[in-house]
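J.: Chains as they are written, first to last, in my numbering: chain X, 1084 to 1309; chain B, 1084 to 1309.
There are 2 protein chains.
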Amino acid sequence: MKQTVVIVAGGIGARMGGELPKQFLLLNDYPLIFHTIRSFYRFNDQFNFIVVLPESQFDYWKDLCKKYAFAIPCQIIAGGETRFHSVKNGLSIVADGALVAIHDAVRPFVAHATIQRCFEMAKEKKSAIPVVPVVNSVRQGTFLQNKSISRADLHIVQTPQVFDATLLKKAYTIPYNVLFTDDAAVFEAAGHQIFLTEGNIENIKITLPIDILLAEQLIKTGFLTN
Amino acid sequence: MKQTVVIVAGGIGARMGGELPKQFLLLNDYPLIFHTIRSFYRFNDQFNFIVVLPESQFDYWKDLCKKYAFAIPCQIIAGGETRFHSVKNGLSIVADGALVAIHDAVRPFVAHATIQRCFEMAKEKKSAIPVVPVVNSVRQGTFLQNKSISRADLHIVQTPQVFDATLLKKAYTIPYNVLFTDDAAVFEAAGHQIFLTEGNIENIKITLPIDILLAEQLIKTGFLTN
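1) Could you work out which residue in X/Phe-1141, X/Val-1269 and X/Asn-1229 is closest to X/Gln-1106 when comparing CA atoms only?
2) Please classify B/Asn-1111 as buried or exposed, where buried requires at least 16 neighbouring CB atoms within 10 angstroms.
3) Would you mind telling me which residues of chain X sit closer than 8 Å to B/Glu-1285, beta carbon to beta carbon, in chain order?
4) How would you list, in chain order, the residues of chain B whose beta-carbon sits under 7 Å from the beta-carbon of X/Gly-1224?
5) List, in order along the chain, the chain B residues whose C-beta lies closer than 8 Å to that of X/Val-1240?
6) Can you look up X/Leu-1307 in the DSSP assignment and give me helix, strand or coil?
7) Taking the Cβ atom as the reference point for each residue, do X/Ala-1083 and X/Cys-1157 lie within a distance shorter than 8 Å?
8) Taking 8 Å as the cut-off, decide whether the C-beta atoms of X/Ile-1277 and X/Ile-1212 are in contact.
9) Using a Cβ cut-off of 7 Å, which residues of the region 1258-1274 of chain B contact any Cβ in chain X, in chain order?
10) On the criterion of 16 or more Cβ atoms from any shown chain inside 10 Å, does X/Val-1170 qualify as buried, or is it exposed?
11) If distances are taken between C-alpha atoms only, which option among X/Leu-1237, X/Tyr-1143 and X/Ile-1293 comes closest to X/Val-1217?
12) Measure the alpha-carbon distance for B/His-1118 versus B/Phe-1192 and round it to whole angstroms.
13) Where are the alpha helix (DSSP H) runs, 4 residues long or more, that stay fully inside the region 1167-1227 of chain X, in chain order?
14) Taking three-plus beta-carbon pairs below 8 Å as touching, is the region 1265-1280 of chain X in contact with the region 1132-1139 of chain B?
15) Rank B/Val-1240, B/Ala-1272, B/Ser-1122 and B/Glu-1102 by C-alpha distance to the C-alpha of B/Ala-1194 and give the top, closest one.
16) Would you tell me roughly how many angstroms separate the C-alpha atoms of B/Cys-1148 and B/Thr-1165, rounded to the nearest one?
17) Grouping DSSP H, G and I as helix and E and B as strand, with all else coil, what is B/Lys-1230?
18) Assign B/Ile-1176 to one of two classes, buried (16 or more other C-beta atoms within 10 Å of its C-beta) or exposed (fewer than that).
19) Apply the 10 Å Cβ neighbour rule to X/Ser-1139 and answer buried if 16 or more other Cβ atoms are within range, or exposed otherwise.
20) Residue range of the alpha helix (DSSP H) that B/Glu-1271 falls in?
21) Going along the chain, which residues of the region 1103-1117 of chain B sit with their C-beta nearer than 8 Å to a C-beta in chain X?
22) Helix, strand or coil for X/Leu-1279? Go by DSSP, reduced to three states.
23) Do we get a CB-CB distance below 8 Å when we pair X/Glu-1299 with the residues of chain B?
24) Starting from X/Thr-1290, find everything on chain B with Cβ-Cβ shorter than 7 Å and list it in chain order.
25) At least one CB of chain B closer than 8 Å to the CB of X/Val-1091: is that the case?
26) Report, in whole angstroms, the separation of the C-beta atoms of X/Ala-1188 and X/Ile-1295, which I expect to be a contact under 8 Å.
27) Which first and last residues belong to the beta strand (DSSP E) in which X/Asp-1247 is found?
28) Is the CB of B/Ile-1198 under 8 Å away from at least one CB in chain X?
29) In chain order, what residues of the same chain have a beta carbon less than 7 Å from the beta carbon of X/Ile-1159, not counting five sequence neighbours either side?
30) With a threshold of 7 Å on Cβ separation, who are the neighbours of X/Glu-1271 within its own chain once the five nearest residues in sequence on each side are excluded?
31) What do you get for X/Asp-1128, buried or exposed, if any count of 16 or more other CB atoms within 10 angstroms of its CB means buried?
32) Taking C-beta pairs closer than 9 Å, name the residues in chain B that X/Ile-1185 reaches, listed in chain order.
33) Determine, for X/Lys-1074, whether the minimum Cβ-Cβ distance to residues of chain B falls below 8 Å.
34) Report yes if the C-beta distance between X/Leu-1262 and X/Ala-1268 is below 8 Å; otherwise report no.
35) Are the C-beta of B/Leu-1279 and some C-beta of chain X separated by less than 8 Å?
36) List the residues of chain X that B/Val-1214 touches, going by C-beta distances under 7 Å, in chain order.
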């Protein structure tokens, strides 16, 4: 049975300060989301790709595919109000029984080694979340009341988050909670154990203008591993 | 009374994978640590600068100052085994009664607005720590046993961390603890309240090779505010 990769592109571009949703920003003259899908396709051209997009962007997606001759087969499905609802929509067309990876459209630089670690661990453990260490000090609380927290115990979560599809789909039937900022939180809330594995430091999420600068530099300097 | 800025450059370069300690790496053909000191000097040329360096790097520092015609007056003092011990050494030559800022030598892009916010808040509250929000999901624990943690309650800590010098020097008389990854943790352990203020997103810590790439791009693209 084919493994599925759900590419979640809910962004409407507000945080980047521009008109263009961030998943469509050009990196090295090529749309960000195509870089992302291509990373997975190069790892395994038999993945089943589902792209979750705001419905208002469907036409733009088609135009882009044509313009950039992007021909990797993808099923497109409409996103929802939050990331939770978008992923839930994407999962609605995922078959039971195989593994499913949920990946942010705006993380173009996932390493093949990370993809491999996640699928291998999820095959054995039912969940696999790639993480990187925290290099800065961290405080918890408000600006006025806060405390130091050990950074050695903290892990910055990346994607792809890979799960047993049957269990993840069932987990996504629980009611939405504002704390569900990723799939691991949903899977955990459904009572399952979360297993972490090593991500890759350049697997950054393009969220702020500063991230685009870094992304362009990463491409130009040959820093990337795949 | 003059306010003091302690620039902490304990690094021996291990994490960058090169021979050159990271504080001496060239950014735009100019040593990183000089960029950092210059940011403060341009904000206020009356700051009293103390630079904490491994003793083995004193000669290299002198050579660099000459080579790059770096003439901002700095007192140089030897670092210690950890960041805690280095800061403690630096504080040993800070006068009581004024404000003191502790700043990482490898954070060249501190904004003047951040410096101003920190000094203003510390003047009123005795402590001021610049922070930026966490944009990724975070998990707490080990790779096998961990839990989701609300990122809205977490703050990534930057420097300059500004304090009442008398109180900080006293705080640094408590015994070393491995959890003291910054000055706020020490000041807090001595029983004082920590006040947070807004940092600036480009005030990155140059720790990994990927950070140097971003730093170079920030300089080239005119992203910086000062």
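For glycine and all other residues, C-beta sits at the position ideal for the given N, C-alpha and C.
Just so we're clear, the structure is a prediction, and the values are computed from it rather than from any experiment.
T.: So, from the listed chains and residues:
1) Distance check between X/Gln-1106 and each of X/Phe-1141, X/Val-1269 and X/Asn-1229 places X/Phe-1141 closest, using alpha-carbon atoms only.
2) Exposed, by the Cβ-count rule.
3) Ordered by position in chain X, the residues that pass the 8 Å Cβ test against B/Glu-1285 are Ile-1293.
4) Proximity of chain B to X/Gly-1224 at the Cβ level (cut-off 7 Å) is accounted for by Asp-1236, in chain order.
5) Ordered by position in chain B, the residues that pass the 8 Å Cβ test against X/Val-1240 are Asn-1219, Ser-1220, Val-1221 and Arg-1222.
6) Under the three-state reduction of DSSP, X/Leu-1307 is assigned to coil, being neither helix nor strand.
7) Nothing in the structure corresponds to residue 1083 of chain X, since chain X is present only between 1084 and 1309.
8) Closer than 8 Å, so yes.
9) Going along the region 1258-1274 of chain B in chain order, one finds Leu-1262, Thr-1264, Asp-1265, Ala-1267, Ala-1268 and Glu-1271 with a Cβ nearer than 7 Å to chain X.
10) Buried is the label assigned to X/Val-1170, since at least 16 other Cβ atoms lie within 10 Å of its Cβ.
11) Taking only the C-alpha atoms, the option nearest X/Val-1217 is X/Leu-1237.
12) Within the model, the alpha-carbon separation for B/His-1118 versus B/Phe-1192 is close to 8 Å.
13) Within the region 1167-1227 of chain X, the complete alpha helix (DSSP H) segments at least 4 residues long are 1195-1208, listed from N- to C-terminus.
14) With a cut-off of 8 Å, the region 1132-1139 of chain B and the region 1265-1280 of chain X do not count as touching, because too few Cβ pairs lie within range.
15) Checking every option, the nearest Cα to that of B/Ala-1194 belongs to B/Ser-1122.
16) The straight-line gap from Cα to Cα measures roughly 25 Å.
17) In the structure shown, B/Lys-1230 adopts extended strand secondary structure according to DSSP, grouped into three states.
18) It is exposed - the Cβ of B/Ile-1176 has fewer than 16 other Cβ atoms within 10 Å.
19) Classification of X/Ser-1139: exposed, given that the 10 Å Cβ count is below 16.
20) Segment 1266-1272, the alpha helix (DSSP H) holding B/Glu-1271.
21) Answer in chain order: no residues at all.
22) Strand, per DSSP.
23) Nearest CB-CB separation between X/Glu-1299 and chain B: below the 8 Å threshold.
24) Simply Val-1218.
25) Against chain B, the CB of X/Val-1091 has no partner CB under 8 Å away; the residue lies outside that interface.
26) At roughly 14 Å, the Cβ-Cβ gap does not stay under 8 Å, so X/Ala-1188 and X/Ile-1295 are not in contact.
27) Element bounds for X/Asp-1247: 1244-1247.
28) The beta carbon of B/Ile-1198 sits no closer than 8 Å to any beta carbon of chain X.
29) Taken in chain order, the residues that qualify are Val-1134, Leu-1136, Phe-1141 and Trp-1144.
30) Excluding residues within five positions, the ones whose Cβ falls inside 7 Å are Ile-1277.
31) With fewer than 16 Cβ atoms within 10 Å of its Cβ, X/Asp-1128 is classed as exposed.
32) Simply none; closest approach about 12 Å.
33) Limits of chain X in this structure are 1084 at one end and 1309 at the other, which puts residue 1074 of chain X out of reach.
34) Taking 8 Å as the cut-off, the beta carbon of X/Leu-1262 is found closer than this to the beta carbon of X/Ala-1268.
35) Taking Cβ atoms only, chain X reaches closer than 8 Å to B/Leu-1279, which makes this a yes.
36) Ordered by position in chain X, the residues that pass the 7 Å Cβ test against B/Val-1214 are Arg-1222.
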